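Only one structure is covered here, and it is reproduced in the block below.
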Amino acid sequence: MKNKKNRQPLLFWKLSLSFFILIITMLFMGCITYVLVYNTLLEQAKKSNMRLVQNAMKTVEGSLANVMDLATLLSTDQDIVDFLQISESDRQELIVSMSKLQSNLPVIKDFNNLIDGYFLYSMENHSIIAPQQGFPNGELYYKRYYQYGDWDYFQWESEVLQTHSYGSLLPSRTMKYGSAQEPTLIYPYPVRHPVTQQIIGVAFFRVNSNRIATLLFPDFSANDNQVLLFNKNGEMLISLNGEQEQVPEGLYMAERETTSFQHTINGTHMFVSYCVSEKQNLIFTVATPMTVIQKQSSDVLRVIIISLIVLCGASMVLASYLFGRQHKQLLRIADRLVWKRQSAWKYDGIRQIDDAVSGLLFDNADLSTKVQEQKSQIQGILFSRLAAGGFPDHAALEKFVRDMDISIWGSSFRGIYLAFPENQLSIQLQAVLQAIMPYHDLLPCAVADETNRFLILYQNDTDDEESIADLFSNIYRTLLNIYQVKAVIYIGCACDDLLYINKSFESALQLLDVHSNNELDAHFLYIADKSVNFIRYCYSIQEQQKLINLILVNDLKGIDQLLQEIYDNNFKDQSLSASMQKLLYAQLVGTILNCNDDSSLASEIDNLLQIEKPKAFFAQAGNLCRTISLQIRKKSENNADKNMKEILEYIQENYMRYDISLSYIALKYHMSESHLSTRIKKHLGQNFQSYVEQLRIKKANELITAGTLSIQEISEQVGYLSPHSFRRAYKKVMGYTPSQFPRG
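Under UniProt numbering, the first residue of the sequence shown is numbered 1, with each subsequent residue one higher.
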């Protein structure tokens, strides 16, 4: 009996511990329930708000589209009037339409300050009609879109387009232009004849993006709140704070100047964030702040939290009551409990949680590494641009120095190529950076140019070739001793202005071309002298891209003209060395190979490389280009037959767009306009314009029968710019006017 009394306190404490563990378990389960319910509610709130986000995106895109619609109607300039060849009455009609459209856009203000410049490009004779206002040096930039996982991103590419080359370099409609001189948007837009409705040219408008904020929404303010970014499927990808510089993989930009509008759409507060990228183009994102989504779930979460607290409190009160009344029975039950250590699977669970957390930390570090790699790639592009002489003035050069975070202090500069033989292992940029790290003041920047070839910038107060030779001898020994690789260093001529450092890099590249076949043990260092004057072949990146474009669009005359220009530039007034001649031939053949995927032409390409005389080589190269171009055209036309069903479906879905045209669809589906017209007439028994008008009039009859819209509203919905154009087309198809349509 005494032993039982002694055991009761022990059992009491065991039972108390059990209740404590039970309460902790309930709290833990409550927290898990809270998290699960919170995430569920958050997902539901996100899905319900995605519709509002998408509507907001359409609002922004619609505003931009309306801006450009309005821009196309600015026909008061005499150049545009002459280009359109319109009568005074048609001109007045355009001005009236412009006024009506402008009155229907209350969110757009100060439109007269929007357009900075324009020019008109004629599709008939491939020339510029109006003067290039706001387009200095004819320099345009375009962006090419790519996909990386769920993200859509882009990479900037540039061309300096001359007046006669627009016809071969006009991009597809999926690209937008942007100017590098000022923060602007460059929009291409088709120009139609107001009577025939045929596209007769392209108008390029230069829009000032600094004023785009006041054009989209009237209230404007800075925003530092957290926002959500969504992918095209409506799933949240990442949450960003306006003050942070976090960006997901594949979307790094060297320059981010982000600003946001605040606007309320259907009772939900939205942020329209936009930034001007390094190439000065506008990018915008519509997002819902995290606080909005959380607010929609707060009431339900508050009820859940209160319920959990009440449940835990009631459980504790009930447990205390039962323990007070039934403590003897509970003690007996506790006495029978088996007390032992927790099972091993619980510890395995803890280890799994630890592994998961470690994995998350590793993924975060890996993401940071990839972002840094993206940054290094962009720095490499910018530095390569410096080496190629791509900066027009000192202001642009100073901006580059700030972006690259380079300390420029010297008065003498040299461009250096550091190369490794191809038979050695691939050398990482990090190894070269480690080797030049002790000389960072003299060598502030180095980037990878090609595999096993690097660009280095040298600066100093004075130009002493002996000191330069000692410096790079030390770097050569460092690479040899630590990484067991032998480098060859080509040092360009001295330059006293960093803006013209490309001349030094050119002389270094000339040294590399001439001495690249020498035995490595003979020399490891070459220094250019001002008196050395190597004649390098002339074949620019722009000419390479133009030749590819001419082959792809089957412009046989343009191919012959361009090859003749390349021949004249290299062999008419100068004589290339044998090595330079071989390099030019290899570069031309490489360009042609970019357009060829037919293995049957391999023997012809091999024979082309065996030709030594320039005239014979260029004649054979022209024949090969024409053969490849004709093969591409034939393949494209064969594919067009397979795509005809898709083309007709596209017309049926987009006939109400007033800018739909045969030329646009031909460009979209990569075929000639004449071939597309022939295929449509063969399938439908009528031409493209008649088919589109038939679809529009059929839809118009349905809307007239409904009787809810005016003639002006119906004309806009079926794709006509004005009621006058609609009535003329309607009478042409039906034989009578819309007002005479029988409604009963």
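Beta carbons: idealized from backbone N, C-alpha and C, even for Gly.
Since this is a predicted model, take the numbers as computed values, not measurements.
Going by C-alpha distance, which of the options is nearest residue i?
i    : options                   : result
M671 : Y650, L588 and M644       : M644
N554 : G622, M437 and L308       : G622
Q430 : R414, A448, P421 and P444 : A448
P614 : E646, D568 and I416       : D568
I456 : I489, S473 and Y483       : I489
E543 : L588, I711, F688 and H683 : L588
I436 : S473, D463, F420 and F400 : S473
I548 : Y537, L563 and C538       : L563
F741 : N638, Q574, A446 and N701 : N701
E646 : Y669, Y655 and S661       : Y669
R626 : L311, Q610 and L601       : L601
H515 : I660, A419 and K732       : A419
T705 : H724, D597, S739 and V733 : S739
I632 : V303, D597, S722 and N570 : D597
N654 : L695, I628 and H683       : L695
R453 : P421, V733 and S575       : P421
S599 : L576, I628, S575 and Q574 : I628
D497 : D393, L308 and V733       : D393
Q652 : S663, E693 and K682       : E693
Here's the rule: buried if 16 or more other CB atoms are within 10 angstroms of the residue's CB, otherwise exposed. What is residue i?
i    : result
G707 : exposed
K698 : exposed
T591 : buried
G234 : Its pLDDT being 40, under 50, G234 is placed unreliably by the model, and the measurement read from it follows with that caveat. It counts as exposed.
Y691 : buried
L593 : exposed
E612 : exposed
S540 : exposed
I559 : buried
N481 : exposed
N638 : exposed
I306 : exposed
Q459 : buried
N502 : buried
C445 : buried
G313 : exposed
S407 : exposed
Y730 : buried
F28  : exposed
I32  : exposed
E466 : exposed
L311 : exposed
P106 : Any reading at P106 must be qualified, since the residue scores a pLDDT of 35, below 50, and its modelled position is unreliable; the value itself is stated next. Per the 10 Å Cβ criterion, exposed.
R477 : exposed
G410 : buried
L318 : exposed
E506 : buried
E713 : exposed
V432 : buried
K634 : exposed
S575 : exposed
S710 : exposed
A666 : buried
I309 : exposed
Between residue i and residue j, how many whole angstroms is the CB-CB distance? I'm expecting something under 8 angstroms.
i           : j    : result
S315        : I23  : 7 angstroms
residue 772 : E604 : The structure shown does not extend to residue 772, since the chain is modelled only from 1 to 744, so the question has no answer here.
F391        : L509 : So it is not a contact: roughly 18 angstroms between Cβ atoms.
K486        : F524 : 7 angstroms
I566        : C595 : Not really, about 16 angstroms apart at Cβ, beyond 8 angstroms.
Y537        : M580 : 5 angstroms
F688        : S677 : 6 angstroms
G719        : Y658 : 5 angstroms
Q620        : L608 : 5 angstroms
N570        : L584 : 6 angstroms
Going by DSSP, which residues form a beta bridge with residue i?
i           : result
residue 797 : The chain is shown only over 1 to 744; residue 797 falls outside these bounds and no answer can be derived.
I491        : I416 and I527
I456        : I416 and A446
Say whether chain B places a C-beta atom closer than 8 angstroms to the C-beta of residue i.
i    : result
Y658 : No chain B appears in the structure shown, which is made up of a single protein chain.
So is the beta-carbon of residue i under 7 angstroms away from any non-hydrogen atom of the ligand ADP?
i    : result
S636 : With respect to the ligand ADP, the structure offers nothing, as it holds no ligand at all.
Stretch-stretch touch, CB-based, cutoff 8 angstroms, three pairs: the region 485-504 with the region 407-423: yes
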